[in-house]
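**Q**
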């Protein structure tokens with residue numbers, strides 16, 4: 013697979029809130045092998061969305077790029093096999 017068209021985020025550190033720069037994204041939970049089913053989430057017109065699997069609260073932050081997060085390091089990048 014040659015990268016993700018939709019940004020993916022993970023929460024290895026167990027942060028209660030992760031700010032991201034997109035409203036449509038995938039949550040993977042934690043990094044494999046501790047991930048959950050990769051679920052597509054869409055905030056729509058809202059500024060927050062809770063993942064139904066891991067309960068991470070994602071909050072939209074317009075000042076961030078699609079690959080950025082606060083706290084830093086929540087963007088998930090699949091390792092090539």
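Residue numbers (my numbering): 13 to 93.
Every residue, glycine too, gets a C-beta built ideally from N, C-alpha and C.
#1: Please return the same chain residues whose Cβ sits closer than 7 angstroms to the Cβ of residue 69, not counting the five positions on each side in sequence.
#2: Pick helix, strand or coil for residue 67, following the three-state DSSP scheme.
#3: Nearest CA to the CA of residue 55: which residue from 47, 24, 64?
#4: Based on the DSSP secondary-structure assignment, which residues constitute the bridge partners of residue 32?
#5: I'd like to check one pair, residue 78 with residue 33: are the Cβ atoms closer than 7 angstroms?
**A** By the coordinates alone:
#1: Counting only Cβ-Cβ distances below 7 angstroms, and skipping sequence neighbours, we find 28, 29, 60, 62.
#2: Here residue 67 sits in coil by DSSP.
#3: Scanning 47, 24, 64 for the CA closest to the CA of residue 55 turns up 64.
#4: DSSP lists 72, 81 as partners of residue 32.
#5: Contact: yes.
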